[in-house]
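Okay, so the sequence shown: first residue is 1 according to the UniProt record's numbering, each after it adds one. Structure first, then comments.
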Amino acid sequence: MPSNTARCGGVIYPIADSLARSFDSRPDDESRSKIGTFLVTCIGNVNDVTAALFMTGYTGNLLAVKLAANAGVTLTWGSWFMAALLPCVISLLIVPLLVYWLTRPEIKHTPNAPDIARKELAQMGRMSRGEWLMLATVGVLLVLWIFGDVLKVDATTASFVGLSILLLSGVLSWEDVKSEKGAWDTLIWFAALLMMANQLKKLGFTTWFGNLIGDTIGSAMGGTSWIVILLLLNAAYFYTHYFFASGNAQIAALYAVFLGVGLHLNIPAAPMALMLAFTSSLYCSLTQYTHARGPILFGAGYVPTGVWWRTGFVISLFNQAVFITVGLAWWKMLGLY
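This is the structure in C-alpha cells:
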C-alpha cells in the first residue's frame with residue numbers, strides 16, 4: 001500500500017483503537033495511559049520504518065528515487081529493499097520496546113488477546129472471492145516489483161497491471177477508482193513536482209546551490225571523514241522537517257539539494273542517496289503535524305502533545321544511529337560503495 005496515511009490512518013489505526021477500547025482504554029481521559037497511548041504511538045513510529053523498507057511503501061519514496069536518478073543514482077525496487085532490509089528489521093524489533101519504555105503503559109500483560117483475536121476473526125467469516133483475488137494480485141505485483149529488472153517491467157507498468165486485474169475481475173469498479181481522491185491528488189501534484197525538479201536540475205540551480213553549501217561546509221570541515229559529514233547532513237535534513245507539514249514537500253524542496261551537497265563533498269553517491277531517502281520516511285513521526293496521517297492519530301486523543309514530541313525525538317535519534325552504523329556496514333557488504 002503506497003500511502004503512509006492510508007495504511008496507518010485507514011487500516012492500522014482502527015484496529016489499534018478497537019484493541020485499546022477492548023481494554024477500556026479510551027481517548028481524551030486518563031484511561032488512555034492504560035494501553036491506548038502506547039498502541040497509537042507505536043503504530044505511527046513503526047509505520048515509518050515499514051515505509052522506509054519498501055520503495056512502494058510511501059509515495060515520497062518514488063519522488064526520492066526519481067530525484068536520485070537525476071543525480072545519476074539508480075534505485076530499483078529490489079536494490080532499495082535489500083539496502084533497507086537489515087537496518088529496518090533492527091528498527092522494527094527495537095522501536096516498539098523504546099515506545100513501551102517511553103510511554104509506560106499500565107497494562108503490561110494481555111493474556112486474553114488471543115481470545116479477542118479469535119472472536120474478531122470468527123465475526124469476519126471466511127475470505128471472499130474478492131479478497132482472494134486481491135491477495136493474488138498483491139502477490140503478482142510483488143513478483144513484478146522484485147524481479148522488474150529481469151522481466152524488463154517498470155514499477156509503474158506493474159502498478160497498472162495490478163489495477164487492470166482488479167478492474168477486469170470486478171474487485172474494483174471504475175467508480176471506486178474515481179472516488180480515490182487522494183490517489184488523483186498524488187498523480188497531479190507528483191507530475192508538477194517532478195517537472196519542477198527536472199527544470200531546476202536542467203537550469204543548474206540544484207547543482208549551483210549544492211556546490212555553494214558544499215564549499216562552505218568543506219572549508220569549515222576540511223579533512224573530516226565523509227561519514228561524519230554524512231551524519232551531519234542527514235541530521236540537518238532530518239530535523240529541518242520540524243518546519244514542514246508534508247514529507248513530500250520536503251523531498252521536493254530539499255532532497256536534491258542535500259544530495260548535491262553530499263556529492264560535492266565526495267560522499268559516495270549510493271549511501272548519500274539512500275540515507276536521505278530512508279530519512280524521508282523516518283522523519284514522519286517527529287511531531288503530530290509533520291505528516292498527513294499525524295492529525296488522524298493525534299486527533300484521536302490517545303497521545304498527549306508532550307509524549308508525541310518526546311517519543312518522536314528519541315526514536316529519531318535511534319533510527320539515525322541504526323542507519324549510520326548498521327546501514328553503512330550493510331551497504332558496504334552489498335557492494336553499494
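The beta-carbon is built from N, C-alpha and C at its ideal position, and this holds for glycine as well.
{"Check": "Quick one: what does DSSP say residue 153 is sitting in, helix, strand or coil?", "Outcome": "coil"}
{"Check": "Can you give me the C-alpha to C-alpha distance between residue 75 and residue 285, rounded to a whole angstrom?", "Outcome": "25 angstroms"}
{"Check": "My assumption, with CB atoms under 8 angstroms, is that residue 232 sits in contact with residue 258. Please give the rounded CB distance.", "Outcome": "Contact doesn't hold; Cβ gap of about 11 angstroms is too wide."}
{"Check": "Residue 58: which of 175, 13, 47 sits nearest, CA to CA?", "Outcome": "47"}
{"Check": "Taking the Cβ atom as the reference point for each residue, do residue 91 and residue 138 lie within a distance shorter than 8 angstroms?", "Outcome": "no"}
{"Check": "Whether or not the stretch 261 to 268 and the stretch 223 to 241 are in contact is what I'm after, with contact meaning three or more pairs of Cβ atoms, one per stretch, closer than 8 angstroms; do they touch?", "Outcome": "yes"}
{"Check": "Along the alpha helix (DSSP H) that carries residue 140, what are the first and last residues, could you check?", "Outcome": "129 to 146"}
{"Check": "So residue 314 and residue 102 are in contact, right, with Cβ under 8 angstroms, and what is the actual spacing, rounded?", "Outcome": "6 angstroms"}
{"Check": "Taking contact to mean 3 or more Cβ pairs, one atom from each stretch, closer than 8 angstroms, check whether the stretch 62 to 77 and the stretch 28 to 40 are in contact.", "Outcome": "no"}
{"Check": "Quick check: the stretch 109 to 128 against the stretch 308 to 324, are there 3 or more CB pairs under 8 angstroms?", "Outcome": "no"}
{"Check": "Count the CB pairs spanning the stretch 294 to 302 and the stretch 34 to 41 that are closer than 8 angstroms, and state whether there are at least three.", "Outcome": "yes"}
{"Check": "Once the 5 residues before and after residue 146 are set aside, which same chain residues still bring their CB inside 7 angstroms of it?", "Outcome": "77, 78"}
{"Check": "Could you tell me the distance, in whole angstroms, from the CA atom of residue 7 to the CA atom of residue 13?", "Outcome": "9 angstroms"}
{"Check": "Could you tell me the distance, in whole angstroms, from the CA atom of residue 238 to the CA atom of residue 280?", "Outcome": "8 angstroms"}
{"Check": "If you reduce the DSSP assignment to three classes, tell me which class residue 123 lands in.", "Outcome": "helix"}
{"Check": "Put residue 275 into one of helix, strand or coil per three-state DSSP.", "Outcome": "helix"}
{"Check": "Tell me which same chain residues have a C-beta within less than 6 angstroms of the C-beta of residue 274, skipping the five on either side of it?", "Outcome": "83"}
{"Check": "Should residue 327 and residue 87 be called a contact, given that it needs their Cβ atoms to be closer than 8 angstroms?", "Outcome": "yes"}
{"Check": "Who are the Cβ neighbours of residue 310 in its own chain at under 8 angstroms, not counting the five residues just before and after it?", "Outcome": "102"}
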